[in-house]
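*Asks:* Starting off with a structure, shown below.
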Amino acid sequence: MNHRFTLEPYKGVSSRYACPACGLKHMFVRYIDATTGAHLAPHVGRCNREVACGYHYKPKQFFAENPNSEILNPNGGNPKPEYLNPNGRNPKSEYLNPNGGNPKSEYLNPKKKPNSKLQIPHSTLPFSTVQETMCCYADNHFVRFLNTRYPQQVVDAVVQRYCIGTHHYWDGGTVFWQIDAQGVVRTGKVMLYNPATGKRFRQPHSHIHWMHSIVGGEGYRLQQCLFGAHLLPGNTLPIAIAESEKTAILGSIHMPQYLWLAAGSLSNLTTEKCKHIGNRPITLFPDAGAIARWAAIAATLPHCTVDTRIEQLMNGCDGCDMADYWLAA
């Protein structure tokens, strides 16, 4: 489904702002109008600190409270603004009626199921792009950290299994590839870790970028999948899903009785992304402070339970996860 208002895609630190709630810089993602690229009001968006802050002011709430908003009427009172009538004179413009006169179009009647033949498939990257990054591990900060905590052969095995890559968007950058159950490459998340502590660099910004933005070209149609989904075919282990890719990697070492996957963020776990798991047992391992959010997702999935031990293990430290526990042990 294509929504008119969507969170602004990441295009570098300039596309991230100070959160109006917690005040931290480069943590706030604003909503834009997908048809024009225009931002909504400065406070309409979501803080990336989903547990520690949790601020999320949605467009629906904004328009409910601001029915005369300029983004719906940018001419400030003109009952026939060009924004609503981009042809300037045609009251049946394609913007309001993309089917050219059909008053029952999917655009005006969002409850009507769209014609699947008209849906645009997601974009993909060639697997050769993944292979090109699976090198230079002496420069990879995350892999260097793993080598300080685990035997070399264990690290080598998990790096190859999860197709962990290296990219010099930042010196020492790590790529966590999202490869679906059919082996199709959706994207890769580039992140930067401290090689001594294994924690992400979050200042002066969050140090997250995307491979589809680097090599995918203009108009890339992103549809994410669970990290590690390429391991599902032929594997009969029960499933564990963590929030972060790092936790999934460490989970595969500390709790190998599960096949570990990762959602990539608190809000990135959805029923849709889990559909390829089928009826296999799933255990969710949310971060401390996020158990209720993921319990609601678990209720929509068959044979799914939530592991709540993190809040006891880490004394209720919001945002802490099983990786923090394993590394502190």
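Heads up, the sequence shown is in the numbering used here, so the first residue is 669 and it goes up one at a time. Glycine included, each C-beta is placed from N, C-alpha and C at the ideal position. All values derive from a computational prediction rather than experimental measurement.
(1) Could you compute how far the alpha carbon of P901 sits from the alpha carbon of P954?
(2) Would DSSP call L905 helix, strand or coil?
(3) Any idea if C988 is buried or exposed, counting beta-carbon neighbours within 10 angstroms, 16 or more meaning buried?
(4) Quick one: Cα of F813 to Cα of I909, how far?
(5) Taking DSSP's pairing of strands, which residues face Q846 in a bridge?
(6) Where does R757 land, buried or exposed, given buried means 16+ other C-beta within 10 angstroms?
(7) Tell me which residue opens and which closes the beta strand (DSSP E) that R812 is part of.
(8) State the Cα-Cα distance for the pair S683 and H877, rounded to the nearest angstrom.
(9) Taking 8 Å as the cut-off, decide whether the C-beta atoms of H671 and A702 are in contact.
(10) Assign R651 to buried or exposed, taking buried as 16 or more other Cβ atoms, counted over all protein chains shown, within 10 Å of its Cβ.
(11) On the CB-based measure, 16 or more other CB atoms within 10 Å of its CB, does A964 come out buried or exposed?
(12) May I have the straight-line CA-CA distance separating Y699 from Q891, to the nearest angstrom?
(13) Taking C-beta to C-beta, are L894 and A864 nearer than 8 Å?
(14) I need the DSSP call for I950, collapsed to helix, strand or coil.
(15) Identify every residue that forms a DSSP beta bridge with F673.
(16) By the 10 Å Cβ neighbour count, where 16 or more other Cβ atoms means buried, how is E718 classified, buried or exposed?
(17) Can you tell me which residues form a DSSP beta bridge with H724?
(18) Check this for me: beta carbons of A849 and H971, under 8 Å apart or not?
(19) Could you give the distance in angstroms between the alpha-carbon of G946 and the alpha-carbon of A966?
(20) With a threshold of 7 Å on Cβ separation, who are the neighbours of C803 within its own chain once the five nearest residues in sequence on each side are excluded?
(21) Going along the chain, which residues of its own chain have a beta-carbon closer than 6 Å to the beta-carbon of R948, five neighbours each way excluded?
(22) Would you call G841 buried or exposed, if buried means 16 or more other Cβ atoms sit within 10 Å of its Cβ?
(23) Which residue comes first and which comes last in the alpha helix (DSSP H) that contains L981?
(24) Closest by CA to P727, which one among N716, H707, N862?
(25) Given this structure, state the Cα-to-Cα distance separating G984 from T704, to the nearest angstrom.
(26) What do you get for Q846, buried or exposed, if any count of 16 or more other CB atoms within 10 angstroms of its CB means buried?
(27) Grab the span of the beta strand (DSSP E) containing H835 for me, first residue to last.
(28) Of the choices V826, A825, P819, V852, whose alpha-carbon is the least far from that of P789?
*Replies:* Taking the structure as given:
(1) 24 Å
(2) coil
(3) buried
(4) 22 Å
(5) T855
(6) Reliability of the predicted coordinates at R757 is poor, the pLDDT of 39 falling under 50, and no value is obtained from them.
(7) It is not in any beta strand (DSSP E) - R812 instead sits in the alpha helix (DSSP H) that spans 809–817.
(8) 12 Å
(9) yes
(10) Because the chain in this structure spans residues 669 to 997, residue 651 falls outside the shown range and cannot be described.
(11) exposed
(12) 18 Å
(13) no
(14) strand
(15) D701
(16) buried
(17) R714
(18) no
(19) 13 Å
(20) T834
(21) I907
(22) buried
(23) 978–981
(24) H707
(25) 43 Å
(26) buried
(27) 833–835
(28) V852
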